[in-house]
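Sequence order for the protein chains is A and B. According to UniProt numbering, the first sequence is numbered sequentially starting from 1. According to UniProt numbering, the second sequence is numbered sequentially starting from 1. Ideal Cβ placement from N, Cα and C applies to all residues, glycine included. All figures in this text were calculated on a predicted structure; none of them were measured in a lab. Take a look at the structure below.
2 protein chains.
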Amino acid sequence: MRRLDGSAVGFESALADLEVPTESGERGGSDVTSTVAGIISDVLSRGDAALLEYTQRFDQLDAASLAELEVSRDELESALHDLPETQRAALSEAASRIEVFHRNQLGEDWSFDDGLGNRLGQRVTPLERVGVYVPGGKASYPSSVLMNAIPARVAGVSEIVMVAPTPDGERNPLVLAAAALAGVDRLFCVGGAQAVAALAYGTTGIPRVDKIVGPGNRFVAEAKRQVFGKVGIDMIAGPSEILIIADGSADPEWMAMDLFSQAEHDESAQALMLCPDSDYIDAVDAAVDRLLPQMERSAIIEASLARRGALIKTRDISHAAEISNRLAPEHLELAVADPEALLPLIEAAGAIFMGIHSCEALGDYCAGPNHVLPTSGSARFFSPLGVYDFQKRSSIIHCSSEGAAPLARIAKVLAEGESLTAHARSAAMRIAD
Amino acid sequence: MRRLDGSAVGFESALADLEVPTESGERGGSDVTSTVAGIISDVLSRGDAALLEYTQRFDQLDAASLAELEVSRDELESALHDLPETQRAALSEAASRIEVFHRNQLGEDWSFDDGLGNRLGQRVTPLERVGVYVPGGKASYPSSVLMNAIPARVAGVSEIVMVAPTPDGERNPLVLAAAALAGVDRLFCVGGAQAVAALAYGTTGIPRVDKIVGPGNRFVAEAKRQVFGKVGIDMIAGPSEILIIADGSADPEWMAMDLFSQAEHDESAQALMLCPDSDYIDAVDAAVDRLLPQMERSAIIEASLARRGALIKTRDISHAAEISNRLAPEHLELAVADPEALLPLIEAAGAIFMGIHSCEALGDYCAGPNHVLPTSGSARFFSPLGVYDFQKRSSIIHCSSEGAAPLARIAKVLAEGESLTAHARSAAMRIAD
């Protein structure tokens with residue numbers, strides 16, 4: 001694997017070279033942007049007819065109506081029922097652990113009296129209807145269904161509408177089973193920017209939702225960006241990343257396999273290991289070479305490591321934490337003997353895996369926390385997907401007749417300072433009650 | 001004012017006619033989109049030089065360097081010191097009430113043991129650096145500085161960078177004073193899409209931030225949309241709105257003035273009152289006619305009411321709640337004798353003002369809750385700006401050697417089901433410890 005020295009001159013630019021080039025669609029003006037804008041306009045003006053045409057064109061799937069593209073509750077339940085017992089048990093156990101974890105995120109109403117007789121607070125209620133996008137084809141993952149739909153269910157969302165393209169009409173039974181387990185209410189076999197447009201604006205066949213979550217290709221991501229504001233969206237997801245800070249406590253093969261588990265996603269995934277010990281880096285590098293040929297997805301892993309991977313020598317562990325903080329990785333493994341001692345040095349990361357037994361794969365499937373995490377450094381400001389994404393807050397302001405007066409006096413002065421005299425008079429009316 | 005009957009045929013479309021037409025910039029392809037994309041590219045490639053040029057062009061303000069456009073901490077403190085005592089006291093009292101309210105929103109770390117010896121939880125930390133956009137000219141409001149910066153300060157953000165255009169170099173002393181009170185760390189007299197670009201990407205003179213909040217014109221809104229993902233943003237703000245549900249408990253003049261307080265913002269602001277009592281609607285309508293000529297901003301109020309305002313007769317109070325829920329208004333006044341009884345019928349609103357003494361103006365300035373609220377129906381999925389917008393969460397997964405094994409068995413089955421065999425092996429390595 002590529003070796004870098006974190007203390008060397010030129011390290012910053014070597015690291016920058018491993019970043020994914022900015023998507024040209026990211027800031028408007030590109031082909032993706034205008035293609036997606038065209039699809040959205042088309043779905044807005046022609047509704048279901050446009051959806052059916054795009055589904056025919058992109059998924060080679062003929063349907064005369066949206067109803068033909070809807071998967072019935074019975075089919076979902078049958079898919080779950082028909083799974084091999086081992087798979088059904090694993091999926092159910094994962095679903096239950098995800099649910100238990102996410103229950104801790106439920107927001108609650110609160111209020112207090114301000115001492116003047118006014119009650120102030122915040123009310124927390126679930127979103128009414130939510131859309132979950134699940135990619136089709138190779139990237140169609142049942143775990144992703146659980147991670148996106150269960151927090152919505154825990155939040156108390158009334159209706160979860162899932163969309164998933166089914167190229168050539170092929171439905172993935174594991175995905176259907178996961179939808180049944182996660183409590184998805186309706187599932188339509190449509191995808192792409194057209195599915196996002198339908199969820200955002202509503203068509204005859206597909207109901208309008210309040211928020212759209214779930215991963216997708218760059219057309220889906222761009223569509224989500226374009227409808228943002230009309231509906232809520234989760235975040236703009238980039239390629240997946242792992243950053244391991246290692247002190248040599250773990251078997252080098254574990255580190256190699258953890259890097260592979262990220263790299264196997266796709267060729268733009270990033271796998272980095274930071275370590276102060278050159279001998280250990282050598283050992284991990286040797287393990288990578290030894291294990292790589294055994295991997296089923298070795299071509300993807302090799303390409304990903306060649307393009308974006310690196311083993312980085314640091315001065316010490318805190319230097320590793322410093323570099324990690326600059327990158328704000330999606331997944332951060334603290335593969336060290338004393339992860340609790342290292343944690344206070346960490347400023348930003350989507351999920352932090354503490355100690356050598358906490359590998360990313362456990363978090364991806366079943367530890368309980370969400371696997372939808374901020375990528376590309378956005379852990380500086382985004383959080384993991386959670387129940388809080390499916391609840392909304394409203395402020396509550398309840399003034400008494402005595403309590404309103406002192407507030408009105410303040411508001412009047414400030415409103416006059418802003419030349420908003422109707423504000424001032426509206427407030428003043430509550431003084432001379 | 002316009003009168004509508006909520007039970008009449010054609011009510012829906014009459015109501016829809018009062019909506020603001022979709023901004024053409026909203027979904028790409030328009031002039032605003034490409035102008036903004038050009039400005040952002042320019043700031044990205046030429047940095048401070050581009051910023052200075054745009055500031056010269058748009059604000060008629062010559063400066064040789066960004067340093068000349070920075071307002072010193074001394075100037076901020078002097079502005080606060082020099083305010084008339086009444087204004088300084090009102091601003092301080094408002095700041096203190098806003099702070100007290102927002103402290104209730106502080107998120108906290110939590111974790112639990114899953115019964116297998118694994119510790120799972122969530123860590124909550126402040127964003128490092130945040131940008132606050134404050135519009136210039138007529139819409140330059142000190143209250144907006146308090147509402148945007150104080151939650152960031154409460155969250156524990158290390159550095160708050162404020163930007164505000166100063167057309168012709170005119171600095172608003174109330175805005176500077178509010179910045180001092182709110183604990184703004186640095187203030188630059190730049191605005192527009194160029195200021196947003198500088199905050200998102202960083203230039204020599206302006207540091208890169210993690211999130212940009214604050215209102216602005218459509219160029220600013222579009223710029224925020226375009227940089228979303230590189231940095232966090234608050235929300236896409238549309239024109240301000242009030243919806244009053246009235247049962248006749250309040251003096252009709254109070255209702256008229258509350259409608260005016262929204263309408264005076266600008267001509268696209270919306271003021272609606274819903275009421276089951278025709279006589280009371282008549283009385284409010286008469287009060288509107290009587291009071292309007294007395295208002296300083298009567299021309300704006302009149303235009304706003306003519307374009308988007310309405311008094312709507314409903315069958316009963318719950319019918320009014322139903323219509324309100326469809327609109328999900330930014331500000332909702334429950335001007336009724338028993339607001340607690342009505343509240344359970346309300347599904348979505350940015351801020352809910354309970355009872356006739358709780359007018360919007362009190363919330364705009366000093367009740368304590370934030371006045372940055374979701375507009376244009378986005379209260380269906382957005383929340384008021386809050387401390388939670390300036391904190392980020394990280395998942396914590398700490399597996400013990402015994403606790404990892406049962407998780408690894410589940411993960412292995414699911415990973416194999418998704419053909420992600422490196423995931424499966426990475427997990428399996430934690431079984432045979």
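- Express the C-alpha separation of residue 404/B and residue 29/A in angstroms, rounding to a whole number. Stepping through the first sequence from its first residue, residue 29/A is reached at position 29. Stepping through the second sequence from its first residue, residue 404/B is reached at position 404. Low confidence applies here, because residue 29/A scores a pLDDT of 49, under 50, leaving its location unreliable; read the following figure in that light. Using only the alpha carbons, I get a separation of about 48 angstroms.
- Query: Rounded to a whole number of angstroms, what is the C-alpha to C-alpha distance between residue 203/B and residue 230/B?
  - Reply: On the second sequence, residue 203/B is found 203 positions in, with the first residue counted as 1. On the second sequence, residue 230/B is found 230 positions in, with the first residue counted as 1. Looking at the two C-alpha atoms, the distance is approximately 15 angstroms.
- Looking only at C-alpha atoms, which of 410/B, 367/B, 106/B and 330/B sits nearest to residue 153/B? Start at 1 with the first residue of the second sequence, and residue 153/B comes out as number 153. Residue 153/B has its Cα closest to that of 106/B, out of 410/B, 367/B, 106/B and 330/B.
- Report the three-state DSSP secondary structure of residue 133/B (helix, strand or coil). For this step, residue 133/B is matched to residue 133 along the second sequence. Residue 133/B falls in the strand class under three-state DSSP.
- Query: For residue 366/B and chain A, any beta-carbon pair shorter than 8 angstroms?
  - Reply: Position 366 of the second sequence, counting from 1, holds the residue named residue 366/B. Cβ-Cβ to chain A under 8 angstroms: yes for residue 366/B.
- Query: Among all the DSSP beta bridges, which residues are the ones paired with residue 110/A?
  - Reply: Residue 110/A sits at position 110 when you count from the first residue of the first sequence. Residue 110/A is bridged to 122/A.
- Integer Cβ distance of residue 329/B from residue 379/B, believed to fall under 8 angstroms: By 1-based counting over the second sequence, the position of residue 329/B is 329. By 1-based counting over the second sequence, the position of residue 379/B is 379. Yes, residue 329/B and residue 379/B are in contact; Cβ-Cβ is about 7 angstroms, under 8 angstroms.
- Leaving out five residues on either side along the sequence, give the residues of the same chain with a beta carbon under 6 angstroms from the beta carbon of residue 66/A. As a position in the first sequence, residue 66/A is number 66, starting the count at 1. Once the five neighbours on either side are set aside, the close Cβ partners of residue 66/A are 48 and 205.
- Item | Complete alpha helix (DSSP H) runs within the segment 205-288 of chain A (minimum length 4 residues, chain order) | 218-227 and 252-263
- Query: Using the C-alpha atoms, what's the distance from residue 430/A back to residue 357/B?
  - Reply: Position 357 of the second sequence, counting from 1, holds the residue named residue 357/B. Position 430 of the first sequence, counting from 1, holds the residue named residue 430/A. The straight-line gap from Cα to Cα measures roughly 6 angstroms.
- Query: Helix or strand or just coil, what does DSSP make of residue 5/B?
  - Reply: Along the second sequence, read from residue 1 onward, the residue named residue 5/B stands at position 5. Strand, per DSSP.
- Cβ-based burial, residue 254/A [other Cβ within 10 Å; buried from 16]: What you label residue 254/A is simply residue 254 of the first sequence in a count that begins at 1. Buried, since its Cβ has 16 or more Cβ neighbours within 10 Å.
- Message: Please report the distance separating the alpha-carbon of residue 50/B from that of residue 56/B.
- Response: To locate residue 50/B, count along the second sequence from 1; it is residue 50. To locate residue 56/B, count along the second sequence from 1; it is residue 56. Approximately 10 angstroms between the Cα atoms of the pair.
- Closer than 8 angstroms at the beta carbon, the chain E residues around residue 87/A: Here chain E cannot be found, since the structure's protein chains are A and B.
- Beta-carbon gap between residue 36/B and residue 219/B smaller than 8 angstroms: Reading the second sequence from its first residue, position 36 is the one you call residue 36/B. Reading the second sequence from its first residue, position 219 is the one you call residue 219/B. Yes, these two residues count as a Cβ contact at 8 angstroms.
- Message: Nearest by alpha-carbon distance to residue 125/A: which of 389/A, 399/A, 426/A and 94/A is it?
- Response: As a position in the first sequence, residue 125/A is number 125, starting the count at 1. Minimum Cα distance to residue 125/A is reached at 389/A.
- Query: How would you label residue 394/B, buried or exposed, when you count the other beta carbons within 10 angstroms and need 16 or more for buried?
  - Reply: In the second sequence, counting from the first residue as 1, residue 394/B sits at position 394. That one is buried.
- Task: Mind reading off the beta-carbon distance from residue 134/A to residue 140/A? Whole number of angstroms is fine, and I expect it under 8 angstroms.
- Result: Here residue 134/A refers to the residue found at position 134 when the first sequence is read from its first residue. Here residue 140/A refers to the residue found at position 140 when the first sequence is read from its first residue. Contact holds; Cβ gap of about 6 angstroms.
- Item | Near-chain A residues of the segment 394-410 of chain B - C-beta to any C-beta below 7 angstroms | 394, 395, 396, 397, 398, 399, 400, 401, 404, 407, 408 and 410
- Query: Considering only residues of the segment 294-324 of chain A, which uninterrupted alpha helix (DSSP H) runs meet the minimum length of 4 residues and lie entirely inside it, listed in chain order?
  - Reply: 298-308
- Whose C-beta lies closer than 6 angstroms to the C-beta of residue 157/B among residues of the same chain, with five residues either side of it excluded? Here residue 157/B refers to the residue found at position 157 of the second sequence. Same-chain partners within the cutoff: 126, 127, 130 and 390.
- Query: Assuming residue 173/A contacts residue 60/A under a Cβ cut-off of 8 angstroms, what Cβ separation, rounded to an integer in Å, is found between them?
  - Reply: Position 173 of the first sequence, counted from the start, is the residue given in the question as residue 173/A. Position 60 of the first sequence, counted from the start, is the residue given in the question as residue 60/A. Contact flag wrong, Cβ pair sits at about 20 angstroms.
- Message: When you compare the CB positions of residue 163/B and residue 191/B, do they come within less than 8 angstroms of one another, or not?
- Response: By 1-based counting over the second sequence, the position of residue 163/B is 163. By 1-based counting over the second sequence, the position of residue 191/B is 191. Yes; because the gap between Cβ atoms is below 8 angstroms, this pair is in contact.
- Query: If you draw a straight line from the alpha carbon of residue 200/A to that of residue 271/A, how long is it in whole angstroms?
  - Reply: Your numbering for residue 200/A matches position 200 in the first sequence. Your numbering for residue 271/A matches position 271 in the first sequence. Their backbone Cα atoms lie some 35 angstroms apart in a straight line.
- Query: In chain B, what lies closer than 8 angstroms to residue 370/A by C-beta?
  - Reply: Mapped onto the first sequence, residue 370/A falls at position 370. Simply 395.
- Which residues does DSSP pair with residue 162/A in a beta bridge? Taking the first residue of the first sequence as 1, we reach residue 162/A at position 162. In DSSP, residue 162/A forms a bridge with 132/A and 187/A.
- Item | contact_flag[the segment 311-324 of chain A, the segment 358-376 of chain B] where n(CB pairs < 8 angstroms) is 3 or more | no
- Minimum C-alpha distance to residue 236/A - residue among 298/A, 101/A, 92/A and 384/A: Walking along the first sequence from the start, residue 236/A turns up at place 236. The candidate whose alpha carbon is nearest that of residue 236/A is 384/A.
- For residue 209/A, which option in 90/A, 186/A and 421/A has the closest C-alpha, if you only look at C-alpha atoms? For this step, residue 209/A is matched to residue 209 along the first sequence. Nearest C-alpha to residue 209/A: 186/A.
- Within this structure, are the beta carbons of residue 355/B and residue 332/B separated by less than 8 angstroms? Taking the second sequence and counting its residues from 1, one reaches residue 355/B at position 355. Taking the second sequence and counting its residues from 1, one reaches residue 332/B at position 332. Not a contact, by the Cβ cut-off of 8 angstroms.
- What is the DSSP secondary structure of residue 58/A, reduced to helix, strand or coil? As a working note, residue 58/A is residue 58 in the first sequence. The answer is helix: DSSP assigns residue 58/A an H, G or I state.
- Task: Answer yes or no: does any C-beta atom of chain A fall closer than 8 angstroms to that of residue 201/B?
- Result: As a position in the second sequence, residue 201/B is number 201, starting the count at 1. With 8 angstroms as the cut-off, residue 201/B does not count as an interface residue toward chain A.
- Query: Thinking just about the alpha-carbon of each residue, which of 114/B, 274/B, 317/B and 362/B is nearest to the one in residue 93/A?
  - Reply: As a working note, residue 93/A is residue 93 in the first sequence. Here the closest residue by C-alpha is 114/B.
- Message: Let me make sure I understand the geometry here. Which of 4/B, 417/B, 291/B and 222/B has the alpha-carbon closest to that of residue 233/B?
- Response: In the second sequence, residue 233/B corresponds to position 233, counting from 1. That would be 222/B, whose Cα lies nearest to the Cα of residue 233/B.
- Query: Bridge partners of residue 71/B, per DSSP?
  - Reply: Start at 1 with the first residue of the second sequence, and residue 71/B comes out as number 71. Per DSSP, 187/B.
- Over what stretch of residues does the beta strand (DSSP E) that includes residue 398/A continue unbroken? If you number the first sequence from 1, residue 398/A lands on position 398. 391-398 is the extent of the beta strand (DSSP E) around residue 398/A.
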